[in-house]
Ligand SMILES: [Cu+2]
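In the numbering used here, the protein residues as written are -6 to 165.
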């Protein structure tokens, strides 16, 4: 009996601290559902597709001024059934499943590089309007910011069109 006591104690302490952490986290997310300390999300833009039914390209800047690395795990766009993180390298594009942003680092999702692809768009999304971008981190925290809706052809329309039609062929 005596032999098992330390093990039992260790197990119950571990269980207690796990519960404690969970409770603290729930409280924090209730207090400020859209805030993740030290992170700034800005420059949100969603470029609508030239051809109806094609995906839109989403761009933003994310600054980590916190003291810990964060891992971006998912993106979502209000008005799109589905959104993914992609990275264009040269001629090809691949899905990004997660992305670590170190303390002090700024990550830019921009044309020709990392980007968000938003699929099955609500027809109500129109140039000049706004929608919302939400980033979800590996720890479950989220941050949201407005996405300015832009018409296709603002700036680098050719590249945008190429990216997306290529992707559609690959995924179908
Ligand atoms: Cu893409």
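Ideal placement from N, C-alpha and C gives every residue a C-beta, glycine not left out.
Source: prediction; values computed, not measured.
- Under the DSSP assignment, residue 67 falls in the beta strand (DSSP E) whose first and last residues are 63 to 70.
- Distance from the C-beta of residue 77 to the nearest heavy atom of ligand 1 is below 8 Å.
- If you draw a straight line from the Cα of residue 144 to the Cα of residue 120, it comes to about 5 Å.
- In the structure shown, residue 35 falls within a strand segment according to DSSP collapsed to helix, strand and coil.
- In the structure shown, residue 139 adopts extended strand secondary structure according to DSSP, grouped into three states.
- When DSSP states are grouped into helix, strand and coil, residue 91 belongs to the coil group.
- The three-state reading of DSSP puts residue 103 in coil, since its state is none of H, G, I, E or B.
- By the neighbour-count criterion, in which 16 or more other beta carbons inside 10 Å mark a residue as buried, residue 58 falls on the exposed side.
- Remark: C-beta atoms of residue 109 and residue 76 approach each other more closely than 9 Å.
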